[in-house]
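A short write-up of the structure that comes next.
Structure below.
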């Protein structure tokens with residue numbers, strides 16, 4: 536799992552939106568408990584964001600795509616807008 540995912544969840548949780556009730560601590564614990572390995576955000580991925588086409592404007596999602604492409608790793612997502620970036624983006628429902 537990407538540290539960027541936990542970062543995004545933490546920011547959204549801190550905003551206190553009534554439509555967002557995900558606890559970043561619980562997500563982190565669940566990821567670790569189920570055997571996922573944490574992927575740090577590397578400078579290579581951060582720089583790769585600038586080279587991505589503008590299929591999607593969300594900065595967190597763009598960073599996740601860049602991470603998938605620079606590691607390389609698969610990015611599993613339900614976001615249809617991310618699929619055009621790379622064959623490493625795998626759509627799930």
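In this note's numbering, the protein residues as written are 536 to 628. For every residue, glycine included, the Cβ atom is placed at its ideal position computed from N, Cα and C. Every value quoted in this text rests on a predicted model; they were computed, and no experiment measured them.
Let me know if residue 590 comes out buried or exposed under the rule of 16 or more other beta-carbons within 10 Å of its beta-carbon. Counting from 1 along the chain shown, the entry for residue 590 is found at position 55. Under the 10 Å beta carbon count, residue 590 is surrounded by fewer than 16 other beta carbons and is classified as exposed.
For residue 539, the nearest candidate out of 592, 564, 598, 614 (CA to CA): Translated into positions along the chain shown, residue 539 becomes position 4. Residue 539 has its Cα closest to that of 598, out of 592, 564, 598, 614.
Runs of alpha helix (DSSP H) wholly within the segment 549 to 628 (minimum 4 residues, chain order): The qualifying runs are 559 to 568, 578 to 583, 594 to 605.
Any contact between the segment 568 to 582 and the segment 597 to 613? By contact I mean 3 or more CB pairs, one from each, below 8 Å. As far as the Cβ criterion goes, the segment 568 to 582 touches the segment 597 to 613, which means the pair count is three or higher.
Can we say the segment 580 to 587 touches the segment 562 to 570, given the rule of at least three CB pairs closer than 8 Å? Three or more Cβ pairs closer than 8 Å define a contact, and the segment 580 to 587 falls short of that threshold against the segment 562 to 570.
Residue 568 versus residue 536: straight-line alpha-carbon distance, rounded: As a position in the chain shown, residue 568 is number 33, starting the count at 1. As a position in the chain shown, residue 536 is number 1, starting the count at 1. Computed Cα separation, rounded: 12 Å.
Of the choices 570, 593, 606, 609, whose alpha-carbon is the least far from that of residue 547? Counting from 1 along the chain shown, the entry for residue 547 is found at position 12. The shortest CA-to-CA distance from residue 547 to any of 570, 593, 606, 609 is the one to 593.
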